[in-house]
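Trainee:
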Amino acid sequence: MVNVNLLYKSTLLLLLGTLGTIILVYASSFLIPLAFGALFALFTQPLNQFLEHKGFSKTIVSCIAVLTISFAFIALGASIAHQIISFSSPKNQLRVKLEKKLDQIQHIIESKLAISPTGQTEYIKARAKSFIESSGNIVIQMISSTTGGLMSFFLIFVYLFLFVYYKSHLYKFLLYSTQPSHHARLETILVQAEHVTARYLWGMTVVALILTCITFIELFFIGIPYAFLWAVLAGLLNCVPYIGILISFALPAITALVTDDSLSSFILVAACFSFNQFLEGNILRPSIVGSQLHTNALASLTAVVAGGLIWGVPGLILFMPLLGIVKVICDNYESLKPIGYLIGREK
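Offset between the sequence shown (1-based) and my numbering: plus 587.
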């Protein structure tokens with residue numbers, strides 16, 4: 588005999604999951620800046636509380652939170668831009684070696700397929716011209732996408748300011764929306780969610796900084812050009828669990844292959860990134876970040892993949908702390924505890 592109650596719950600859960608996914612996909616332009624604004628508000632919460640205790644007004648505290656995150660983005664963007672501008676210089680050694688590699692490839696094609704370098708260049712130009720003529724709408728879409736991206740980036744800081752400014756107002760709204768008998772549970776959920784997310788974000792930031800320093804030292808002594816740029820990217824991509832390390836390895840590995848005729852530099856880079864992955868996964872993350880989210884590897888990887896499919900790159904970053912918040916909510920409701928156990932760590 589089929590358990591009607593179980594069937595009803597399963598069907599309802601499936602429908603809610605499907606509806607939630609549809610909303611996440613179609614409302615991504617609205618939800619992603621909102622989620623990042625909330626995340627940065629939690630990230631700056633220790634600083635905000637310190638300033639509030641010193642007697643600063645909500646407006647000043649909110650402005651300082653925005654300026655703190657803005658300064659971090661500006662400093663990071665300036666350092667990366669400096670490296671890119673340096674690479675674009677005609678006298679850049681890496682660029683010269685890359686051009687030599689391309690010349691070698693052209694000569695190989697000429698010897699194998701009897702197509703001269705001039706013919707290869709003309710073919711590429713013809714294909715590029717054809718592509719440009721037939722893709723005017725793509726340019727328009729790119730401009731529209733860039734404009735939308737800048738608007739979303741601006742909205743993140745607007746939401747950050749408002750979340751910090753209206754924190755107590757939002758808290759009171761949640762209290763008014765629930766029955767007095769549930770206020771204690773709501774307080775527990777809010778405190779745990781804020782604590783877990785903030786500790787996770789700060790821990791990941793410290794781990795990223797340590798990895799950036801270690802990677803820079805390794806690549807510098809190996810002799811890889813633009814070691815600082817690759818190290819910064821490695822630290823940033825570490826925020827994307829499981830996948831970021833593979834992406835961050837690709838760029839210095841390609842640089843090693845271009846600049847060194849032998850495979851020694853490539854092997855050293857691979858060995859260093861393997862060591863960094865071991866260090867991050869077995870020492871840095873457990874000791875600094877710890878098990879702040881209290882989720883298992885299967886649930887974490889599933890959240891990262893789902894986030895990437897639904898929201899792209901922002902989803903790779905946002906879905907991990909969101910999973911931690913879901914875990915906190917599930918652990919505080921008896922009917923949802925099985926889900927909390929499923930995504931939690933083994934005890």
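Note that beta-carbon positions come from the ideal geometry of N, C-alpha and C, so glycine has one too.
If you're wondering where the values come from, they're calculated on a predicted model, not measured in any experiment.
My assumption, with CB atoms under 8 Å, is that Y787 sits in contact with G911. Please give the rounded CB distance.
Mentor: The residue labelled residue 787 in the question sits at position 200 within the sequence shown. The residue labelled residue 911 in the question sits at position 324 within the sequence shown. About 6 Å separates the two Cβ atoms, so the contact holds.
Trainee: On a Cα-Cα basis, can you pick out the residue from L880, P925, K596, H782 that is closest to T631?
Mentor: The residue labelled residue 631 in the question sits at position 44 within the sequence shown. Ranking L880, P925, K596, H782 by Cα distance to T631 puts H782 first.
Trainee: With distances taken Cα to Cα, identify the nearest neighbour of S644 among F748, I661, I610.
Mentor: Sequence index remark: in the sequence shown, residue 644 carries index 57 (1-based). When each option's Cα is compared against that of S644, the closest is F748.
Trainee: Round the Cβ separation of V891 and I830 to the nearest angstrom and send it over; I've been treating them as touching at under 8 Å.
Mentor: Stepping through the sequence shown from its first residue, residue 891 is reached at position 304. Stepping through the sequence shown from its first residue, residue 830 is reached at position 243. Right, their Cβ atoms sit about 7 Å apart.
Trainee: Can you check the region 841-874 for any alpha helix (DSSP H) of at least 4 residues that lies completely inside it and give the ranges in chain order?
Mentor: As far as the region 841-874 is concerned, its whole alpha helix (DSSP H) runs of at least 4 residues are 851-866.
Trainee: Can T802 and W817 be called in contact, C-beta distance under 8 Å?
Mentor: Counted from its first residue, the sequence shown places residue 802 at position 215. Counted from its first residue, the sequence shown places residue 817 at position 230. For T802 and W817, yes; Cβs fall inside 8 Å.
Trainee: Taking the beta carbon of N592 as the centre, do at least 16 other beta carbons fall within 10 Å, making it buried, or is it exposed?
Mentor: In the sequence shown, residue 592 corresponds to position 5, counting from 1. Exposed: under 16 other Cβ atoms inside 10 Å.
Trainee: Give me, in chain order, the residues of the same chain whose beta-carbon lies closer than 7 Å to that of N635; leave out the 5 immediate sequence neighbours on both sides.
Mentor: Mapped onto the sequence shown, residue 635 falls at position 48. Contacts found: V648, A652, V751.
Trainee: Does the distance between the C-beta of F627 and the nearest non-hydrogen atom of the ligand ADP fall short of 7 Å?
Mentor: By its list of ligands, the structure shown contains no ligand whatsoever, and the ligand ADP lies outside what it can speak to.
Trainee: Measuring CA to CA, which of S764, A665, R772 is closest to V915?
Mentor: Within the sequence shown, numbered from 1, the residue matching residue 915 stands at position 328. V915 has its Cα closest to that of R772, out of S764, A665, R772.
Trainee: What number of angstroms, rounded off, separates the C-alpha of E805 from the C-alpha of A884?
Mentor: Within the sequence shown, the letter at position 218 stands for residue 805. Within the sequence shown, the letter at position 297 stands for residue 884. If I take the Cα positions, the gap works out to 29 Å.
Trainee: Per DSSP, which residues does T882 bridge with? Please list them.
Mentor: Residue numbering aside, residue 882 sits at position 295 when the sequence shown is read from its first letter. DSSP lists G931 as partners of T882.
Trainee: Measure how close the beta-carbons of Y746 and L618 come, nearest whole angstrom, since I'm counting them as under 8 Å.
Mentor: Here residue 746 refers to the residue found at position 159 of the sequence shown. Here residue 618 refers to the residue found at position 31 of the sequence shown. Going by Cβ atoms, the distance from Y746 to L618 rounds to 11 Å, so no, they are not a contact pair.
Trainee: Give the single residue among A843, A625, I610, F865 whose Cα lies nearest to the Cα of L798.
Mentor: Numbered from 1 along the sequence shown, position 211 holds the residue referred to as residue 798. Checking every option, the nearest Cα to that of L798 belongs to F865.
Trainee: Take I904 and list the residues in its own chain whose beta-carbon comes closer than 6 Å to its own, dropping the five residues that flank it on each side.
Mentor: The sequence position of residue 904 within the sequence shown is 317, counting from 1. If we look at I904 and ignore the five residues flanking it on each side, its Cβ neighbours are C826.
Trainee: Determine, using beta carbons only, whether V856 and A837 come nearer to each other than 8 Å.
Mentor: For the purposes of this step, residue 856 is taken as the residue at position 269 of the sequence shown. For the purposes of this step, residue 837 is taken as the residue at position 250 of the sequence shown. In this structure, A837 does not lie closer than 8 Å to V856 by Cβ.
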